[in-house]
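Protein chains: 2
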Amino acid sequence: MKLYDCQIAPNPRRVRIFLAEKAVEIERVELNIAEGDNLKPDFLAINPRGLLPTLVLDDGTALDEVVAISRYIEETHPEPPLMGTSTRERAFIESRNRHMEIDGFMSVAEIFRNTHPSFRERGLPGVSAVPAIPQLVERGRAGIARFFERLNSYYLGQRPFVAGDQFSIADITALSVVDFAKWVEEKVPSNHVNTLRWYEAVSQRPSATA
Amino acid sequence: MKLYDCQIAPNPRRVRIFLAEKAVEIERVELNIAEGDNLKPDFLAINPRGLLPTLVLDDGTALDEVVAISRYIEETHPEPPLMGTSTRERAFIESRNRHMEIDGFMSVAEIFRNTHPSFRERGLPGVSAVPAIPQLVERGRAGIARFFERLNSYYLGQRPFVAGDQFSIADITALSVVDFAKWVEEKVPSNHVNTLRWYEAVSQRPSATA
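Chain order of the listed sequences is B and Z.
All the letters of the first sequence, read from the start, carry residue numbers 1 to 210 under the working numbering.
All the letters of the second sequence, read from the start, carry residue numbers 211 to 420 under the working numbering.
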């Protein structure tokens, strides 16, 4: 197996944290998204969508999408479980993880891709010649504010972790959202005590440095 | 169990097709997204994100997100398998299904939500007061053209179905993309013979009328 990775990028980091929680080591190939390494012919021959992270299995199968890669690792290295241990829990964690992606991660990505000069013609991941749209910045800022509010009052208001009593992939995604948000100067408000308590705890796990 | 559904909407249809393939019947509650039933207090008390479909389990757990609901059904009703039967296959189908969602479904949704008068202040699902952004229409039209090209030449160019030799959840998502695209006058080009062959086959399955 080989993981096509990018040290600075938030989506590859989600897989690195997942691997670190499982104590799994995989050979890595570093590409630089900011310099467009992922859109060059060599990598497009491996993954025509040009997205990182991409996990290439020993039989040559290329898996992209963080959750698909994570599921492969979860099934081949079940301990500790990060995607649930019962039917109900697996579905619930999957639902919550998608909330973190769609409401959180995508809001920050909207801000980032439509403001950063390197992405002026890369408004969508893995595609060139998609012009930035300035109005998406405002929409993204409203989105991340809504997300932070719901993270504090709803998801983390009653339970210690995003999907219940155990650390899961949904916490990894949420942690990556909070840290990615700093790139665009969006911070957890200082009165969001539930989120700040959770953030301190998950940031102190050794996997957070991955 | 109770499924909060909307007969006209493409995401709830994905779950209905999934259920029909499994021959599973679930009690349904019909809400009208176009009239904003999903943003009214009664439904927000069940799902604060205001999204359909939502599956409420007998213990009161509310699951939203099509794939989370589908996974619950897949595990409780394994036959016929629609999400893979081996570790590699489950991860691969998940990766492919996300391609259909992100590259296909989201492109069409960008066009639809930013042109349809009922969604003038509903640029994102489940949230009011998000103004439409006209430039997203052009971005969505370029996106669906790219998606159709890749669907025909890459995904369906070598194998009969989107994720290989068997019908799977990725075909359900792709079918819903092609049908949703008609709403915004985007059609599979007439020279896309692989896609048209596949579309005819999947549309003739009894589940397609769900």
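Ideal placement from N, C-alpha and C gives every residue a C-beta, glycine not left out.
On a predicted model such as this, the values are computed, not experimentally measured, just so you know.
DSSP, read as helix, strand or coil, puts residue 164 (chain B) in strand. Measuring C-alpha to C-alpha distances from residue 289 (chain Z) to each of Z:231, Z:247, Z:329, Z:321 identifies Z:231 as the nearest. Per DSSP, residue 138 (chain B) has no beta bridge partner at all.
Note on the region 39-102 of chain B: whole beta strand (DSSP E) runs with a minimum of 3 residues are 54-56, 62-64, in chain order. Taking residue 170 (chain B) as the centre and dropping the five residues before and after it, the same chain places the C-beta of 93, 96, 97, 100, 162, 163 closer than 6 Å to its C-beta, in chain order.
Under the three-pair Cβ rule at 8 Å, the region 1-21 of chain B counts as touching the region 52-65 of chain B. Proximity of residue 145 (chain B) to chain Z, defined by a Cβ-Cβ separation below 7 Å, is not satisfied. Judged by DSSP in its simplified three-state form, residue 235 (chain Z) adopts coil rather than helix or strand. According to the DSSP assignment, residue 389 (chain Z) belongs to the alpha helix (DSSP H) that extends over 379-393. For residue 409 (chain Z), same chain residues with a beta-carbon under 8 Å away, outside a window of 5 residues either side, are 385, 388, 398 in chain order. With a cut-off of 8 Å on Cβ pairs, the region 127-142 of chain B is in contact with the region 108-117 of chain B, counting three or more such pairs.
Using a CB distance cut-off of 7 Å, residue 109 (chain B) does not count as an interface residue toward chain Z.
Within its own chain, the residues whose Cβ lies closer than 8 Å to the Cβ of residue 208 (chain B), once the five positions on either side in sequence are excluded, are 17, 175, 202, listed in chain order. Shown here for residue 404 (chain Z): same chain residues with a beta carbon closer than 6 Å to its own, the five before and five after excluded, namely 362, 366, 367 in chain order. In the structure shown, the three-state DSSP call for residue 332 (chain Z) is strand. Note on geometry: alpha-carbon atoms of residue 39 (chain B) and residue 50 (chain B) lie some 5 Å from one another. Residue 128 (chain B) and residue 358 (chain Z) have their C-alpha atoms spaced approximately 17 Å apart. For residue 92 (chain B), the C-beta contacts it makes with chain Z under 7 Å involve 271, 273, in order along the chain.
Taking the Cα positions, residue 222 (chain Z) is about 22 Å away from residue 331 (chain Z). Leaving aside the five residues that flank residue 125 (chain B) on each side, the residues in its chain whose CB is nearer than 7 Å to its CB run, in chain order, 51. Residue burial annotation: residue 81 (chain B) is buried, with at least 16 other C-beta atoms found within 10 angstroms of its C-beta. Between the alpha carbons of residue 14 (chain B) and residue 23 (chain B) lies a distance of about 14 Å. With contacts defined as CB atoms closer than 7 Å, residue 28 (chain B) and residue 301 (chain Z) fail to qualify as a contacting pair.
Under the three-state reduction of DSSP output, residue 320 (chain Z) falls in the helix class.
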